[in-house]
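2 protein chains.
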Amino acid sequence: MGVKNVGIRDVAKLAGVSVTTVSHVLNDTPQMRVAPETRARVREAAETLGYGPNRAARALRTNRSGLIGLLSEEIATTPHAGRIILGAQDAAREHDLTLVIINAERGPHDAAHREEVQTLIDRQVEAVLYATMYHRRVSLPPNLQGVPAVLIDSTDRAGIVPAVVPDEVGGAVAAVTHLVEAGHRRIAFLNNDDDVPATHERLVGFRQVLGEHGIPIDESLIVQSPSETLPGYALAREVLARHDRPTALFCYNDRMAMGAYRAAAELGLDIPNDLSIVGFDNQELIAANLFPGLTTVALPHYEMGAWAVETLVHLLRGEAEYKLLADKPTRLDCPLVVRGSVAAPRDR
Amino acid sequence: MGVKNVGIRDVAKLAGVSVTTVSHVLNDTPQMRVAPETRARVREAAETLGYGPNRAARALRTNRSGLIGLLSEEIATTPHAGRIILGAQDAAREHDLTLVIINAERGPHDAAHREEVQTLIDRQVEAVLYATMYHRRVSLPPNLQGVPAVLIDSTDRAGIVPAVVPDEVGGAVAAVTHLVEAGHRRIAFLNNDDDVPATHERLVGFRQVLGEHGIPIDESLIVQSPSETLPGYALAREVLARHDRPTALFCYNDRMAMGAYRAAAELGLDIPNDLSIVGFDNQELIAANLFPGLTTVALPHYEMGAWAVETLVHLLRGEAEYKLLADKPTRLDCPLVVRGSVAAPRDR
Numbered sequence: 002m003g004v005k006n007v008g009i010r011d012v013a014k015l016a017g018v019s020v021t022t023v024s025h026v027l028n029d030t031p032q033m034r035v036a037p038e039t040r041a042r043v044r045e046a047a048e049t050l051g052y053g054p055n056r057a058a059r060a061l062r063t064n065r066s067g068l069i070g071l072l073s074e075e076i077a078t079t080p081h082a083g084r085i086i087l088g089a090q091d092a093a094r095e096h097d098l099t100l101v102i103i104n105a106e107r108g109p110h111d112a113a114h115r116e117e118v119q120t121l122i123d124r125q126v127e128a129v130l131y132a133t134m135y136h137r138r139v140s141l142p143p144n145l146q147g148v149p150a151v152l153i154d155s156t157d158r159a160g161i162v163p164a165v166v167p168d169e170v171g172g173a174v175a176a177v178t179h180l181v182e183a184g185h186r187r188i189a190f191l192n193n194d195d196d197v198p199a200t201h202e203r204l205v206g207f208r209q210v211l212g213e214h215g216i217p218i219d220e221s222l223i224v225q226s227p228s229e230t231l232p233g234y235a236l237a238r239e240v241l242a243r244h245d246r247p248t249a250l251f252c253y254n255d256r257m258a259m260g261a262y263r264a265a266a267e268l269g270l271d272i273p274n275d276l277s278i279v280g281f282d283n284q285e286l287i288a289a290n291l292f293p294g295l296t297t298v299a300l301p302h303y304e305m306g307a308w309a310v311e312t313l314v315h316l317l318r319g320e321a322e323y324k325l326l327a328d329k330p331t332r333l334d335c336p337l338v339v340r341g342s343v344a345a346p347r348d349r
Numbered sequence: 002m003g004v005k006n007v008g009i010r011d012v013a014k015l016a017g018v019s020v021t022t023v024s025h026v027l028n029d030t031p032q033m034r035v036a037p038e039t040r041a042r043v044r045e046a047a048e049t050l051g052y053g054p055n056r057a058a059r060a061l062r063t064n065r066s067g068l069i070g071l072l073s074e075e076i077a078t079t080p081h082a083g084r085i086i087l088g089a090q091d092a093a094r095e096h097d098l099t100l101v102i103i104n105a106e107r108g109p110h111d112a113a114h115r116e117e118v119q120t121l122i123d124r125q126v127e128a129v130l131y132a133t134m135y136h137r138r139v140s141l142p143p144n145l146q147g148v149p150a151v152l153i154d155s156t157d158r159a160g161i162v163p164a165v166v167p168d169e170v171g172g173a174v175a176a177v178t179h180l181v182e183a184g185h186r187r188i189a190f191l192n193n194d195d196d197v198p199a200t201h202e203r204l205v206g207f208r209q210v211l212g213e214h215g216i217p218i219d220e221s222l223i224v225q226s227p228s229e230t231l232p233g234y235a236l237a238r239e240v241l242a243r244h245d246r247p248t249a250l251f252c253y254n255d256r257m258a259m260g261a262y263r264a265a266a267e268l269g270l271d272i273p274n275d276l277s278i279v280g281f282d283n284q285e286l287i288a289a290n291l292f293p294g295l296t297t298v299a300l301p302h303y304e305m306g307a308w309a310v311e312t313l314v315h316l317l318r319g320e321a322e323y324k325l326l327a328d329k330p331t332r333l334d335c336p337l338v339v340r341g342s343v344a345a346p347r348d349r
């Protein structure tokens, strides 16, 4: 902690050469020709800054491994984990840190993941990022308290560990505002039925926008089911069968929206002219491949990964207060991604 | 190389305790109570085997870092990368190795990824896994030759580095056999139009099955387009407009199949009763969410990741011959995943 964090970039900057050149020189890479005066300049810069290419030796000398552990759920099933990893990695590289990633299966409980955390600690990581695959509250394993940590996409029940989560309310506000501004007033919300923050907070955003625009809230248009394609299809069939059917659907996620597309097709409703739809998640494989493309809300996975690493770096340098950060989670924007599923209602 | 690969599991086994207990004892984890006699047994076992918990010290002592680098493309866009990572990680854990992952953007060329490889080498990795996001031939960066390496989902143009790839022919054989065994004889192949191994080899499998079953090949039923949803839709509209329309479609990938579903819906063709469809890739987000679920062929990403690590371990121990392995790529099975998109043709 507080140790000077000298990286290869600093050496490159001081020597006035590229990072690659520094690497070649300090590692004596064969076949790479570097002019002798450049070599000398690089070695001098490295010495001045106390930078050695052999990280194992450096780790022993400074008691720093240069490793940051990332515990990630469901790495093999969604691109969400990949975007968190990429964001964390890009930020880690900036600080000359290496990310060690470990996958954790979601358990039946709130997944303590104690063993995975221990594996990372055994690897001499300096700090741990703990990433869940959807926004929820977690009870953390006790061994996570011995090392600086930041939560990604979850919050600590105990309120001890700093956390970064999506601004669910803001995302819903963006989605519903887009529909209202297109002219819709009868908007159904196909919500999830799990007791998770996104369920409650997206509903808050939905109500907020209608309220702000003086649109009366028809409670019967707020319906819930598991957030999968088939239940989304069934819900959409239900609300679209009404004589006073809504002109637009705000769907809890892209999978439910995919079900709603199918319902619309069966009912002969053209999207977006007969029915506008907005999703949530920006799962490209769905959203970009539907006809027409699904307008949806992106989750800030890349940004959360990057934010978490930056925050760890500040914590490790003693530049930030753990307790202050842990006080309440940081919320990052969920921006609207416009494709082709929203138009003005016909009967406007 | 050839160094005895002692891991925490070996210590746990010798001491007759769990891996977690070994970790607690050797790291003096606070708050963890372990009986004194157990502590003594663990320390003795660790000493006997020469296992130290401080990897940095060990790395310096043995000149082994215990790190394996994984260079992966498109970690943030597909779950394919995640499955490779998971397979590699599970295998690495078995051998007490840590995976350091680095993402590489696909470049305009055959992506040499020289800089990413150098970053891994700078991190003192013992070996490098090089994973591409679809099966292709690559020209490797020269710095990859200084370190043991294995390619995942690609083959080395120069024929120097061992590689593991999907058995594309076998996957196509499984898909088309499934259709033929359901009773189909007029089967169209909606193929990709890129010059990549999968395009050619899946066609080989398609022809092979028809040939083996004495079904004459109608060349006009073999059509090509970019392997995306919209072109797949257009191709499907085309072949399904014929008076002698096929009763089944074998699609190059799940995205093209998703387009074919849309074409079928527009033409009032029920899947699977009027039209059977088989995809390729097993992209769960598509295949499991279509109505009905798409029968498809899985790519062995997890298995390729695991195979690559096992092979690296053998290479590092000197138990396998680099040259023999590099001689030709190892091909892993692409199994059929049956969902609901295939039935007997009506007019059988």
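Going down the list, the protein sequences come from chains A and B.
Read in order, the letters of the first sequence are residues 2 to 349 in this note's numbering.
Read in order, the letters of the second sequence are residues 2 to 349 in this note's numbering.
The beta carbon of each residue, even a glycine, is placed where N, CA and C say it ideally should be.
These numbers come from a predicted model, not from an experiment.
To which residues of the same chain is M305(A) closer than 7 Å at the C-beta, ignoring the five residues directly before and after it? Within the first sequence, the letter at position 304 stands for residue 305(A). Closer than 7 Å at Cβ, skipping near neighbours: I85, G88, I153, D154, V165, L333.
Assuming I272(B) and S228(B) make a contact with CB atoms under 8 Å, what is their CB distance in whole Å? Numbered from its first residue, the second sequence carries residue 272(B) at position 271. Numbered from its first residue, the second sequence carries residue 228(B) at position 227. No, I272(B) and S228(B) are not in contact; Cβ-Cβ is about 20 Å, not under 8 Å.
Helix or strand or just coil, what does DSSP make of S277(B)? If you number the second sequence from 1, residue 277(B) lands on position 276. Strand.
Would you please verify whether the beta carbon of S24(B) is less than 9 Å from any beta carbon of chain A? Within the second sequence, the letter at position 23 stands for residue 24(B). Cβ-Cβ to chain A under 9 Å: yes for S24(B).
Starting from R256(A), find everything on chain B with Cβ-Cβ shorter than 9 Å and list it in chain order. Reading the first sequence from its first residue, position 255 is the one you call residue 256(A). Those are L286, N290, listed as they occur along chain B.
So E127(B) packs on L68(B), CB below 8 Å; how close in whole Å? Stepping through the second sequence from its first residue, residue 127(B) is reached at position 126. Stepping through the second sequence from its first residue, residue 68(B) is reached at position 67. Indeed they touch by this definition, with Cβ atoms about 6 Å apart.
So, is the C-beta of V224(A) closer than 9 Å to a C-beta in chain B? For this step, residue 224(A) is matched to residue 223 along the first sequence. Answer no: the Cβ-Cβ gap between V224(A) and chain B never drops below 9 Å.
Decide if the segment 267 to 281 of chain A is in contact with the segment 235 to 252 of chain A; the criterion is three or more beta carbon pairs, one per stretch, under 8 Å apart. yes
Quick one, are the C-beta atoms of R15(B) and T49(B) less than 9 Å apart? For the purposes of this step, residue 15(B) is taken as residue 14 along the second sequence, with counting starting at 1. For the purposes of this step, residue 49(B) is taken as residue 48 along the second sequence, with counting starting at 1. Per the sequence shown, the amino acid found at residue 15(B) is Leu instead of Arg. Result yes, Cβ atoms of L15(B) and T49(B) sit closer than 9 Å.
Round the Cβ separation of P163(A) and A327(A) to the nearest angstrom and send it over; I've been treating them as touching at under 8 Å. As a working note, residue 163(A) is residue 162 in the first sequence. As a working note, residue 327(A) is residue 326 in the first sequence. At roughly 5 Å, the Cβ-Cβ gap stays under 8 Å, so P163(A) and A327(A) are in contact.
Return the residues of the segment 70 to 82 of chain A that lie within a Cβ-Cβ distance of less than 7 Å from chain B, sorted by chain order. I76, A77, T78, T79, P80, A82
Cα separation between R208(B) and H179(B)? The residue labelled residue 208(B) in the question sits at position 207 within the second sequence. The residue labelled residue 179(B) in the question sits at position 178 within the second sequence. Whole-angstrom Cα-Cα distance: 14 Å.
Once you ignore the five residues that flank H185(A) on each side, which residues in its own chain have a CB closer than 7 Å to its CB? Mapped onto the first sequence, residue 185(A) falls at position 184. Hits under 7 Å: T248, A249, S277, P346.
With a Cβ-Cβ cutoff of 9 Å, do L191(A) and L236(A) count as a contact? Here residue 191(A) refers to the residue found at position 190 when the first sequence is read from its first residue. Here residue 236(A) refers to the residue found at position 235 when the first sequence is read from its first residue. A contact, by the Cβ cut-off of 9 Å.
Any 3 or more C-beta pairs closer than 8 Å across the segment 140 to 152 of chain A and the segment 312 to 324 of chain A: yes
How about H302(A) and A82(A): are their beta carbons less than 9 Å apart? Here residue 302(A) corresponds to residue number 301 of the first sequence, with the count starting at 1. Here residue 82(A) corresponds to residue number 81 of the first sequence, with the count starting at 1. Closer than 9 Å, so yes.
CB-CB under 6 Å to R340(B), same chain, minus the five flanking residues each way: which ones, in chain order? Residue 340(B) sits at position 339 when you count from the first residue of the second sequence. Around R340(B): G294, L295, T296.
For the segment 83 to 117 of chain A, which residues have a beta carbon sitting closer than 9 Å to at least one beta carbon of chain B? G83, R84, I85, I86, L87, G88, Q90, D91, R94, T99, L100, V101, I102, I103, N104, R115, E116
Could you tell me which chain A residues have their CB closer than 9 Å to the CB of M305(B), listed as they occur along the chain? By 1-based counting over the second sequence, the position of residue 305(B) is 304. Under the 9 Å cutoff, chain A gives no residues; its nearest Cβ is about 13 Å from M305(B).
Is the separation between the beta-carbon of I103(B) and that of T79(B) shorter than 9 Å? Counted from its first residue, the second sequence places residue 103(B) at position 102. Counted from its first residue, the second sequence places residue 79(B) at position 78. Not closer than 9 Å, so no.
Cβ distance (whole Å) where V118(A) is taken to contact V170(A) below 8 Å: Locating residue 118(A) in the first sequence gives position 117, where the first residue counts as 1. Locating residue 170(A) in the first sequence gives position 169, where the first residue counts as 1. Not confirmed; about 31 Å, so no contact.
From the beta carbon of R137(A), is the nearest beta carbon of chain B less than 9 Å away? Against the first sequence, residue 137(A) aligns to sequence position 136. Cβ-Cβ to chain B under 9 Å: no for R137(A).
Does DSSP put H136(B) in a helix, in a strand, or in coil? Within the second sequence, residue 136(B) is the residue found at index 135, counting from 1. Correct three-state label for H136(B): strand.
Own chain residues within Cβ distance below 7 Å of V35(B), not counting five before or after: Counted from its first residue, the second sequence places residue 35(B) at position 34. Same-chain partners within the cutoff: T22, H25, V26.
Anyone know if the C-beta pair for L100(B) and G51(B) falls short of 9 Å? Here residue 100(B) corresponds to residue number 99 of the second sequence, with the count starting at 1. Here residue 51(B) corresponds to residue number 50 of the second sequence, with the count starting at 1. Cβ distance not < 9 Å, so L100(B) and G51(B) don't count as in contact.
Suppose contacts are defined by Cβ-Cβ distances below 9 Å. Is P142(B) in contact with H96(B) by that definition? Position 141 of the second sequence, counted from the start, is the residue given in the question as residue 142(B). Position 95 of the second sequence, counted from the start, is the residue given in the question as residue 96(B). No; because the gap between Cβ atoms is not below 9 Å, this pair is not in contact.
Return the bridge partner residues of I287(A) from the DSSP annotation. Taking the first residue of the first sequence as 1, we reach residue 287(A) at position 286. Beta-bridge pairing links I287(A) to no other residue.
Thinking C-alpha only, which one of Y323(B), V181(B), E220(B) is nearest G160(B)? Counted from its first residue, the second sequence places residue 160(B) at position 159. Nearest C-alpha to G160(B): Y323(B).
Please state whether the Cβ-Cβ distance between V240(B) and L222(B) is less than 9 Å. Position 239 of the second sequence holds residue 240(B). Position 221 of the second sequence holds residue 222(B). Yes. Within cutoff.
Under the rule that 16 or more other beta-carbon atoms within 10 Å means buried, what is I287(B), buried or exposed? If you number the second sequence from 1, residue 287(B) lands on position 286. So I287(B) ends up on the buried side.
So what does G332(A) bridge to, in DSSP terms? For the purposes of this step, residue 332(A) is taken as the residue at position 331 of the first sequence. Sequence inspection shows Arg at residue 332(A); the Gly mentioned does not correspond to that position. Paired residues: V166(A).
Distance cutoff 9 Å, beta carbons only. Does Y234(A) sit that close to anything in chain B? The residue labelled residue 234(A) in the question sits at position 233 within the first sequence. Cβ-Cβ to chain B under 9 Å: yes for Y234(A).
Below-9 Å beta-carbon distance, R340(B) vs any chain A residue: Indexing the second sequence from 1 puts residue 340(B) at position 339. With 9 Å as the cut-off, R340(B) does not count as an interface residue toward chain A.
How long is the line joining the alpha carbons of H201(A) and P217(A), rounded to whole angstroms? To locate residue 201(A), count along the first sequence from 1; it is residue 200. To locate residue 217(A), count along the first sequence from 1; it is residue 216. Rounded to whole angstroms, H201(A) to P217(A) spans 19 Å at the Cα level.
Where G292(A) sits in the DSSP three-state scheme: The residue given as residue 292(A) occupies position 291 in the first sequence. In the sequence as presented, Gly is not what sits at residue 292(A); that position holds Phe. Coil at F292(A), not helix or strand.
Distance check for S140(B) and A242(B), CA to CA, integer angstroms please. Translated into the one-based positions of the second sequence, residue 242(B) becomes position 241. Translated into the one-based positions of the second sequence, residue 140(B) becomes position 139. Distance between the alpha carbons of A242(B) and S140(B) is about 43 Å.
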